[in-house]
Ligand code: ADP
Ligand code: MG
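Numbering (the working numbering), first residue to last: 197 to 331.
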């Protein structure tokens, strides 16, 4: 799917929110600046998050309360070459039936990501837009 602007990515995330069934794990794949966090922002807004969504690359994870006792936990392992104890944290999130787990740069945690996760890949296009597809 062709995503031409930040606004379109936010809109796509908001639409995607309608398809979420808890629990769910989404792995986001794409280069720095591809739009993984932007997609997550739209998705979170679509799920009813009112607070601002910021990149968790320094804090590694951020948790947001959703309506109906659900949670969105957003991970970014970019700055974590060795995830160590964070794997326990991630595992807990994955196994919580009320949680949508989203992970950026999840390759170092690949062994604990469930096979039935959604994998969304975002690539730059030559014209400066983005191509988004499911792997
Ligand atoms: P990532 O989390 O993949 O590193 P971000 O979502 O933080 O990326 O940043 C994406 C950046 O690219 C933002 O500054 C956004 O404004 C810009 N951008 C430009 N075009 C697009 C697009 N089509 N989709 C998403 N982001 C875009
Ligand atoms: Mg990001």
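Even for Gly, the Cβ is constructed at its ideal location relative to N, Cα and C.
Residue 306 counts as exposed, since fewer than 16 other beta carbons sit within 10 angstroms of its beta carbon. Comparing alpha carbon positions, the residue from 200, 244, 272 closest to residue 210 is 244. Short of 8 Å from the beta carbon of residue 228, and not among the five residues preceding or following it, lie these beta carbons of its own chain, in chain order: 274. Around the beta-carbon of residue 246, fewer than 16 other beta-carbon atoms lie within 10 Å, marking it exposed. Assignment of residue 235 by DSSP, reduced to helix, strand and coil, places it in the helix class. According to the DSSP secondary-structure assignment, residue 316 is paired through a beta bridge with 224, 330. In this structure, residue 313 has its CB at a distance of at least 6 Å from all heavy atoms of the ligand ADP. Under a 10 Å Cβ-count criterion, residue 296 is classified as buried, with 16 or more other Cβ atoms of the shown protein chains found around its own Cβ. Taken through DSSP and simplified to helix, strand or coil, residue 247 comes out as coil.
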